[in-house]
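Engineer: Just remember that my numbering sits 135 ahead of the position in the sequence shown, which is counted from 1. Note that beta-carbon positions come from the ideal geometry of N, C-alpha and C, so glycine has one too. For clarity, every value in this text was computed on a predicted model and none was experimentally measured.
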Amino acid sequence: MDATELNLLDKAVYKVTREIFKDENAKIRDLKAVRKCIKNHPGDRKLVLELVAELGAGSVHKSILRLLSSHVYESPWVAVKRFPDLCEPFVALREAEAPSEEDATTAEQATLGAIVQAHGDNNEESSDSTERTAVQDVIDGIIAKNDVSKSSVFLPFPAEHMLMEKLQKILELACFQFGLRAVPNVMQEQGWDCPESAELTKWVELFGRNGNIAVWQQLGMPSQRFLQSIAAIRHTAVHRVRTNSAGLEQFLTDAERLAELLGNDAFTQAISQLRLDFHATVTELIQNKQSTQQQLDKVREGIARQRAELDQKEQEILRDMASQNKKHCDLAAERLEKVIDRMGDLSFTSDDQGAALESADAIQGQQDTVGTN
């Protein structure tokens with residue numbers, strides 16, 4: 136079995152066993168404990184047993200031990216790298232985000248802090264941790280509101296990254312045009328003379344600090360979550376955070392809302408059309424995925440049924456062979472008994488002893504005579 140086949144096997148095994156080998160069970164490393172853990176699992180073991188019936192207990196157990204040794208069950212970060220299309224995005228994103236946060240720029244953290252401060256959180260002791268987790272919290276909030284197992288998928292990352300980069304550029308251009316109309320003095324002070332001169336998080340910081348901008352007076356100050364979601368669009372694009380389709384659609388919805396707030400009809404319509412096309416594409420992908428899964432389930436059911444029939448047939452053949460073997464043994468014993476019966480009773484009398492002695496003397500006399508001659 137080559138590396139690709141092994142990875143497909145491990146993927147199938149992980150999918151049905153990740154709820155069994157978690158917490159302390161994720162630290163198991165020996166086969167006996169693996170078997171015991173599966174046997175004693177209080178939840179539904181149907182899928183695991185079907186996989187064992189299909190692939191064989193030996194292959195499944197070896198795969199589980201490989202996954203345990205690789206710490207796939209212990210760390211969602213390891214799991215999302217190994218099987219990105221199977222892992223629950225909420226957990227995967229939280230783990231996947233941790234390495235990139237270490238590389239986040241000081242300016243980006245300051246922007247997040249400004250968003251929080253604009254909404255009344257001035258506690259210095261908690262500000263540092265809030266700054267570090269603000270973007271991740273909003274991403275997690277987006278994902279948590281969706282049923283990720285049925286209503287979301289992961290797109291190929293090149294397409295996802297292209298979408299986020301395009302969305303970031305559209306919003307930065309919309310913000311720049313809005314700034315020229317609403318806050319030209321700020322534009323001049325900051326030296327923002329082109330759309331590329333101010334990244335999206337800078338605009339979010341500006342919107343969070345300046346509640347007296349005319350557009351907010353009419354439509355109301357945007358919520359903290361909304362501003363963080365807009366900042367997270369730039370963060371996701373720049374730091375290449377992998378996001379599921381539910382999170383991407385929420386980003387598109389918030390981006391459309393921002394373009395509407397900024398009074399830019401052209402960008403609002405463009406983002407709206409992009410969101411509709413994205414939704415149609417993802418819906419088709421989810422339907423195809425579900426259809427493929429249903430076909431796979433039917434094939435597995437058929438294989439399991441055939442395997443059960445073959446097992447039953449094997450047992451019947453073994454019972455028939457045992458019966459035939461018993462018959463042959465009985466016939467052999469009967470034949471031997473008849474042979475023994477035909478021999479009759481054998482006895483050794485005193486007359487037989489005398490005759491035997493006389494015969495021996497006669498033979499000895501003949502030998503003596505021959506020796507004399």
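1. Using only the alpha-carbon positions, how far apart do Leu-143 and Lys-304 sit?
2. Starting from Phe-313, trace the alpha helix (DSSP H) in both directions and tell me its first and last residue.
3. Please classify Ile-173 as buried or exposed, where buried requires at least 16 neighbouring CB atoms within 10 angstroms.
4. Hey, would you say Glu-395 sits closer than 8 Å to Thr-388, going by beta carbons?
5. Do you know offhand how far Ile-406's Cα is from Gln-312's?
6. Using 10 angstroms around the beta-carbon of Ile-452, count the other beta-carbons present and answer buried if the total reaches 16, otherwise exposed.
7. Measure the alpha-carbon distance for Leu-315 versus Arg-392 and round it to whole angstroms.
8. Let me confirm a value: Met-297 is counted as buried when at least 16 other C-beta atoms fall within 10 Å, else exposed. Which label applies?
9. Just to confirm my understanding: we take Ile-438, look at its own chain, exclude 5 residues before and 5 after, and list those with CB closer than 6 Å. What are they?
10. What are the boundary residues of the alpha helix (DSSP H) that includes Trp-338?
11. Using only CA atoms, which one of Ile-163, Ala-147 and Ile-155 lies nearest to Phe-218?
12. Going by CA-CA distance only, name the one from Leu-411, Glu-295, Glu-449 and Leu-409 that's closest to Val-373.
13. Excluding the 5 residues flanking Glu-307 on each side, which residues of the same chain have their C-beta closer than 6 Å to its C-beta?
14. Could you tell me which uninterrupted beta strand (DSSP E) segments, each at least 3 residues in length, are contained entirely in the stretch 362 to 433, listed from first to last along the chain?
15. Per DSSP, what kind of secondary structure is Ser-205 in: helix, strand or coil?
16. Leaving out five residues before and five after Cys-310 in sequence, what residues of the same chain have Cβ atoms less than 6 Å from its Cβ?
17. Taking the C-alpha atoms as reference points, what is the distance between Lys-162 and Leu-200?
18. Which two residues bound the contiguous alpha helix (DSSP H) that contains Val-288?
19. Would you kindly check if the distance between the Cβ of Leu-186 and the Cβ of Val-195 is under 8 Å?
20. With distances taken between CB atoms, is the gap from Ser-364 to Phe-386 smaller than 8 Å?
21. From Leu-466 to Gln-441, what does the alpha carbon distance come to, in whole angstroms?
22. For the ligand HEM, I want to know if Asp-465 counts as a neighbour, meaning its beta carbon is within less than 7 Å of at least one of the ligand's heavy atoms.
23. How would you write the range of the alpha helix (DSSP H) that Cys-172 sits in, first residue to last?
24. Alpha carbon to alpha carbon, how far is Ala-317 from Val-207? Give it in angstroms, no decimals.
25. According to the Cβ coordinates, are Val-183 and Thr-139 closer than 8 Å?
26. Between Lys-197, Asp-145 and Gly-178, which lies nearest to Ala-168 when the distance is taken from Cα to Cα?
27. Arg-300 to Arg-369, Cα distance in whole Å?
28. What separation, rounded to the nearest whole angstrom, lies between the Cα atoms of Asp-145 and Ala-333?
29. Exposed or buried, Gly-382, counting other C-beta atoms within 10 Å across all chains shown (16 or more means buried)?
30. In three-state DSSP terms, what is Ile-155?
31. From Asp-446 to Ala-367, what does the alpha carbon distance come to, in whole angstroms?
32. Straight-line CA distance for Leu-302 to Ile-421?
33. Can the beta-carbon of Arg-170 be found less than 8 Å from the beta-carbon of Ser-204?
34. Going straight from the alpha carbon of Ser-287 to that of Ala-192, what length do you get?
Structural biologist: In this structure, then:
1. 38 Å
2. 292 to 317
3. Ile-173 comes out buried.
4. Taking the C-beta atoms as reference points, Thr-388 is found no nearer than 8 Å to Glu-395.
5. Spanning the two alpha carbons is a distance of roughly 16 Å.
6. exposed
7. Leu-315 and Arg-392 have their alpha carbons spaced roughly 20 Å apart.
8. exposed
9. The residues Glu-189, in chain order, have a CB closer than 6 Å to that of Ile-438 in the same chain once the five nearest residues on each side in sequence are set aside.
10. Looking at the DSSP string, the run of the alpha helix (DSSP H) that includes Trp-338 is 335 to 344.
11. Ala-147
12. Among Leu-411, Glu-295, Glu-449 and Leu-409, the Cα nearest to that of Val-373 is on Glu-295.
13. Excluding sequence neighbours, Glu-307 sits near Pro-330 and Leu-335.
14. none
15. Three-state result, Ser-205: coil.
16. In its chain, beyond the 5 residues on either side, Trp-338 have a beta carbon closer than 6 Å to the beta carbon of Cys-310.
17. 10 Å
18. That residue, Val-288, is in no alpha helix (DSSP H); it is neither H nor E in DSSP.
19. yes
20. yes
21. 37 Å
22. With respect to the ligand HEM, the structure shown offers nothing to examine, as it has no ligands at all.
23. Looking at the DSSP string, the run of the alpha helix (DSSP H) that includes Cys-172 is 166 to 175.
24. Straight-line Cα distance between these residues: approximately 51 Å.
25. no
26. Closest in C-alpha terms to Ala-168, from the list Lys-197, Asp-145 and Gly-178, comes Lys-197.
27. According to the sequence as given, residue 300 is Glu; it is not Arg. Going from the Cα of Glu-300 to the Cα of Arg-369 covers about 8 Å.
28. 46 Å
29. buried
30. If DSSP states are grouped into helix, strand and coil, Ile-155 belongs with coil.
31. 56 Å
32. 23 Å
33. no
34. Cα-Cα distance, rounded: 32 Å.
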